[in-house]
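S.K.:
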Amino acid sequence: MWATWPAVQHADDRYLARPAVGYGEAAAGDHLQLGWAFWLPGHQIESGRAPWIDPYSFRPAATAAANLQGWLLGVPFWPLRHLLGNILAYNLIVLLSVVGAGGVACMWLRSLGLVRTAALAGGLVFALAPYRVGQSTGHLLGLISFLLPAVLLALERRRFVWAALALAAIPLSGQIHLAMGAVVLALGYTWARVPRADWWKAAAGAAVATATAVAVQQVVVAGSVVGGGRSFDQVRHYSAELSDLFTRGVGAGIEEYVFLGWLTPLLALVGLWAVWRDRRLALFLSLAAVIPCLLALGANTPLYEPLWRALPPLRFARVPERLMPIACLAIAALVAHAVALVLARTGGSRMPGGWAVATGAGVLLLALALDVSVPVFGAVTPDRGTAAYAAIRGDGRLLELPVFSPGIHYGSVYLAYARQSPRERPQGYSTTARPVSAALSRTLRRASCGYGSLPPGLRIRFMVVHRGLYRQSGWFAADCANRAEAALRRDGWTLLARDAAISSWEAPP
Numbered sequence: 006m007w008a009t010w011p012a013v014q015h016a017d018d019r020y021l022a023r024p025a026v027g028y029g030e031a032a033a034g035d036h037l038q039l040g041w042a043f044w045l046p047g048h049q050i051e052s053g054r055a056p057w058i059d060p061y062s063f064r065p066a067a068t069a070a071a072n073l074q075g076w077l078l079g080v081p082f083w084p085l086r087h088l089l090g091n092i093l094a095y096n097l098i099v100l101l102s103v104v105g106a107g108g109v110a111c112m113w114l115r116s117l118g119l120v121r122t123a124a125l126a127g128g129l130v131f132a133l134a135p136y137r138v139g140q141s142t143g144h145l146l147g148l149i150s151f152l153l154p155a156v157l158l159a160l161e162r163r164r165f166v167w168a169a170l171a172l173a174a175i176p177l178s179g180q181i182h183l184a185m186g187a188v189v190l191a192l193g194y195t196w197a198r199v200p201r202a203d204w205w206k207a208a209a210g211a212a213v214a215t216a217t218a219v220a221v222q223q224v225v226v227a228g229s230v231v232g233g234g235r236s237f238d239q240v241r242h243y244s245a246e247l248s249d250l251f252t253r254g255v256g257a258g259i260e261e262y263v264f265l266g267w268l269t270p271l272l273a274l275v276g277l278w279a280v281w282r283d284r285r286l287a288l289f290l291s292l293a294a295v296i297p298c299l300l301a302l303g304a305n306t307p308l309y310e311p312l313w314r315a316l317p318p319l320r321f322a323r324v325p326e327r328l329m330p331i332a333c334l335a336i337a338a339l340v341a342h343a344v345a346l347v348l349a350r351t352g353g354s355r356m357p358g359g360w361a362v363a364t365g366a367g368v369l370l371l372a373l374a375l376d377v378s379v380p381v382f383g384a385v386t387p388d389r390g391t392a393a394y395a396a397i398r399g400d401g402r403l404l405e406l407p408v409f410s411p412g413i414h415y416g417s418v419y420l421a422y423a424r425q426s427p428r429e430r431p432q433g434y435s436t437t438a439r440p441v442s443a444a445l446s447r448t449l450r451r452a453s454c455g456y457g458s459l460p461p462g463l464r465i466r467f468m469v470v471h472r473g474l475y476r477q478s479g480w481f482a483a484d485c486a487n488r489a490e491a492a493l494r495r496d497g498w499t500l501l502a503r504d505a506a507i508s509s510w511e512a513p514p
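Under our numbering, the first residue of the sequence shown carries the number 6, and numbering increases by one thereafter.
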């Protein structure tokens, strides 16, 4: 609740996501892409089809794409959406991811021998870490960050198979950049905490995760519109500045939001001193905290561009902050050790039932929560049921206007409404779409303002005009939606229904 306040007050009928305006329909955002990804596996199973495939987006130009983002959290989403609906089910996944991140981190810290209060403090800092919470407004990166402490917990308990599974789940969810850092994190932790005789077991799990990441890269990224890598100008655009590490305001955007807190980094330094007696663990935690922060600065440091050019995996990520969840976890662990030191020096760890200790622990946890609390969530207009989509009946492909390039987030609105009428569409929203889909979007874009004609091979039977998206994007002339509808009437299309900003049309017989 704390991480999403005050937006959580409207969680029953609005999305917990980055604030955006819908102008009479769903507001575009990456949360809609995630909602589609979570919904799709259950729908596919109910239809007797493979749950890891998206058979609707970018068809028929491209083959059915893999839905890597949906399989993990789609499991709890499936029953929840039948019980509560798509909106509340999605919001519960967001809330549960906060609890999961903090809970698993707390379990890991307890396995290190820390007292309960210290472990709770560390779990709280990781759960509410501003970067992790910010990414949870629409990116899977934040929602699945609980896998990082899960890997370390499994290694600490010598559950190497579980560690390998948790590690491999990161690239299997499409988070290849984070997977690279997670593999290094696992190997570093093995060096710091695992007996030498068991190193080969942890290394085998890391090798499996690495092979999984390579396979995902070849299947999903290679051959896509970003198959040749990103440009360094894109990296420069998304690089954080040093001041961003200590600036509470969101500023330029959620991607560059790497705020660490003010009290939290100071406690982390105390924690480093406290854990220094275990030199390997101290070195591991300090490097895990510092290196992702330095990499997050991207083009603002002299070393990142040479690394970017020397290491091919870095060239496929335009956002250098993607490894920040690792830093958040390491800082949380150092804070936990600082709290443990304070409790040990004051005798608090030996008096768990004392009122003074309980009050002091509560004040400390509240201070930490306030320090890392950031208002990044909004209550965002959802894709409510609409008569325009309900009027679409029978088979046939659907084209929605306006047309966007596959990697533009406004296309996420079409994914949201696709759940009301699942069918093949030439459009979608994916940064790893095939080049043929991007080329087709350029061909179809003229239809957004009523120009040109549809390629006959597409066999489009239905069209839907989203007037709200014309306004959301601001990329089209004020009369483009009117011209698009006028062209449909001129060509003999029949208006099926109009519901606020959305209208649906059927092709002439």
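Here a beta-carbon is modelled for each residue, glycine too, at the ideal position from N, C-alpha and C.
1. Give the secondary structure of Met6 by DSSP, where H, G and I count as helix, E and B as strand, and everything else as coil.
2. Do Ala22 and Gln74 have their C-beta atoms closer together than 8 Å?
3. By alpha-carbon positions, which one of Leu339, Gly256, Asp249, Thr306 ends up nearest to Ser291?
4. For His36, report the span of its alpha helix (DSSP H) as first-last.
5. Note down the Cα distance separating Ala384 from Asn96, rounded to an integer number of angstroms.
6. Could you check whether the Cβ of Gly457 sits closer than 7 Å to any heavy atom belonging to the ligand GDP?
7. Cβ atoms of Pro427 and Tyr61: under 8 Å apart, would you say?
8. At the level of alpha carbons, what is the spacing between Tyr419 and Gly147?
9. Could you pull the start and end residues of the alpha helix (DSSP H) that Asp238 belongs to?
10. By alpha-carbon positions, which one of Leu328, Ser453, Ala505 ends up nearest to Tyr394?
11. Considering just the uninterrupted stretch of the beta strand (DSSP E) at Tyr20, what are its terminal residues?
12. In the DSSP assignment, find the beta strand (DSSP E) that holds Gln469 and state where it starts and stops.
13. With a threshold of 8 Å, are at least 3 pairs of Cβ atoms found where one atom belongs to the region 283-303 and the other to the region 180-196?
14. Nearest to Ser244 by CA position, among Pro307, His144, Val130, is which residue?
15. Cβ atoms of Val408 and Arg439: under 8 Å apart, would you say?
16. Quick check on the burial criterion: 16 or more other C-beta atoms within 10 angstroms. Buried or exposed for Ile50?
17. With a cut-off of 8 Å, do at least 3 Cβ pairs link the region 106-114 to the region 149-156?
18. Could you tell me the distance, in whole angstroms, from the CA atom of Gln140 to the CA atom of Trp205?
19. Check each candidate in Arg447, Gly401, Arg402, Leu319 and name the one with the smallest Cα separation from Ile413.
20. Can you round the beta-carbon distance between Asp35 and His144 to whole angstroms, since I take them to be within the 8 Å contact cut?
21. Relative to the C-alpha of Ala212, which residue among Val224, Val225, Val226, Val189 is closest?
22. Quick check on the burial criterion: 16 or more other C-beta atoms within 10 angstroms. Buried or exposed for Phe251?
23. Could you tell me which of Ala70, Met185, Gln14, Ala349 sits nearest to Ala279, measuring between CA atoms?
24. Taking C-alpha atoms, which residue in Gly455, Gly462, Leu463 lies nearest to Asn487?
25. Measure the C-alpha to C-alpha separation of Glu490 and Ala443 and round it to an integer number of angstroms.
26. Can you tell me whether Met356 is buried or exposed? The criterion is at least 16 other CB atoms within 10 Å of its CB, across all chains shown.
27. Going by other Cβ atoms of all chains shown within 10 Å of its Cβ, with 16 needed for buried, is Ala227 buried or exposed?
28. What's the call for Val377, buried or exposed, on a 16-neighbour Cβ count within 10 Å?
29. What residue does the alpha helix (DSSP H) around Leu85 start on, and which one ends it?
30. Short check: CB of Pro330 to CB of Tyr136, under 8 Å?
31. According to DSSP, is Val120 helix, strand or coil?
M.R.: Concretely, from the data shown:
1. By one-based count along the sequence shown, residue 6 stands at place 1. The answer is coil: DSSP assigns Met6 none of H, G, I, E or B.
2. Against the sequence shown, residue 22 aligns to sequence position 17. Against the sequence shown, residue 74 aligns to sequence position 69. No; because the gap between Cβ atoms is not below 8 Å, this pair is not in contact.
3. Numbered from its first residue, the sequence shown carries residue 291 at position 286. Closest by alpha carbon: Leu339.
4. Position 31 of the sequence shown, counting from 1, holds the residue named residue 36. Where His36 is concerned, the enclosing alpha helix (DSSP H) stretches over 35-51.
5. Here residue 384 is taken as the residue at index 379 of the sequence shown, counted from 1. Here residue 96 is taken as the residue at index 91 of the sequence shown, counted from 1. Those two C-alpha atoms are separated by around 10 Å.
6. This structure lacks the ligand GDP, and indeed carries no ligand of any kind.
7. Indexing the sequence shown from 1 puts residue 61 at position 56. Indexing the sequence shown from 1 puts residue 427 at position 422. Yes, Cβ-Cβ distance for Tyr61 and Pro427 is below 8 Å.
8. Here residue 419 refers to the residue found at position 414 of the sequence shown. Here residue 147 refers to the residue found at position 142 of the sequence shown. C-alpha separation (whole angstroms): 23 Å.
9. The residue you call residue 238 lines up with position 233 of the sequence shown. Element bounds for Asp238: 237-243.
10. Here residue 394 is taken as the residue at index 389 of the sequence shown, counted from 1. For Tyr394, the nearest C-alpha among the options comes from Ala505.
11. The sequence position of residue 20 within the sequence shown is 15, counting from 1. It spans 20-22 - the beta strand (DSSP E) in which Tyr20 sits, taken as one unbroken run.
12. In the sequence shown, residue 469 corresponds to position 464, counting from 1. A small correction: the amino acid at residue 469 is Val; Gln does not occupy that position in the sequence shown. 465-471 is the extent of the beta strand (DSSP E) around Val469.
13. yes
14. Along the sequence shown, one-based indexing puts residue 244 at 239. Nearest of Pro307, His144, Val130 to Ser244, Cα basis: Pro307.
15. The residue you call residue 439 lines up with position 434 of the sequence shown. The residue you call residue 408 lines up with position 403 of the sequence shown. Against a cut-off of 8 Å, the Cβ pair of Val408 and Arg439 comes out as no contact.
16. For the purposes of this step, residue 50 is taken as residue 45 along the sequence shown, with counting starting at 1. It is exposed - the Cβ of Ile50 has fewer than 16 other Cβ atoms within 10 Å.
17. yes
18. Within the sequence shown, numbered from 1, the residue matching residue 140 stands at position 135. Within the sequence shown, numbered from 1, the residue matching residue 205 stands at position 200. Distance between the alpha carbons of Gln140 and Trp205: 34 Å.
19. Counting from one through the sequence shown, the residue named residue 413 turns up at place 408. Nearest of Arg447, Gly401, Arg402, Leu319 to Ile413, Cα basis: Arg447.
20. For the purposes of this step, residue 35 is taken as the residue at position 30 of the sequence shown. For the purposes of this step, residue 144 is taken as the residue at position 139 of the sequence shown. Right, the Cβ-Cβ distance comes to about 6 Å (below 8 Å), so this counts as a contact.
21. Here residue 212 corresponds to residue number 207 of the sequence shown, with the count starting at 1. The shortest C-alpha separation from Ala212 is found at Val189.
22. Taking the first residue of the sequence shown as 1, we reach residue 251 at position 246. The residue is exposed, with fewer than 16 neighbouring Cβ atoms inside 10 Å.
23. As a working note, residue 279 is residue 274 in the sequence shown. Of Ala70, Met185, Gln14, Ala349, the residue nearest in Cα terms is Ala349.
24. Taking the first residue of the sequence shown as 1, we reach residue 487 at position 482. Of the listed residues, the one whose Cα sits closest to Asn487 is Gly455.
25. For the purposes of this step, residue 490 is taken as residue 485 along the sequence shown, with counting starting at 1. For the purposes of this step, residue 443 is taken as residue 438 along the sequence shown, with counting starting at 1. One C-alpha to the other measures close to 24 Å.
26. Position 351 of the sequence shown, counting from 1, holds the residue named residue 356. Residue placement at Met356 is flagged as unreliable, the pLDDT there being 47, under the threshold of 50; a coordinate-derived value is accordingly withheld.
27. As a first step, residue 227 is located in the sequence shown; it is residue number 222 there, counting from the start. Answer is exposed; the Cβ neighbour count stays below 16.
28. Numbered from 1 along the sequence shown, position 372 holds the residue referred to as residue 377. Counting Cβ neighbours within 10 Å, Val377 comes out buried, since at least 16 surround it.
29. Your numbering for residue 85 matches position 80 in the sequence shown. Leu85 -> alpha helix (DSSP H) spans 76-89.
30. Numbered from 1 along the sequence shown, position 325 holds the residue referred to as residue 330. Numbered from 1 along the sequence shown, position 131 holds the residue referred to as residue 136. Going by C-beta atoms, Pro330 is nearer than 8 Å to Tyr136.
31. By 1-based counting over the sequence shown, the position of residue 120 is 115. Looking at Val120 - three-state DSSP - the assignment turns out to be coil, as it is neither helix nor strand.
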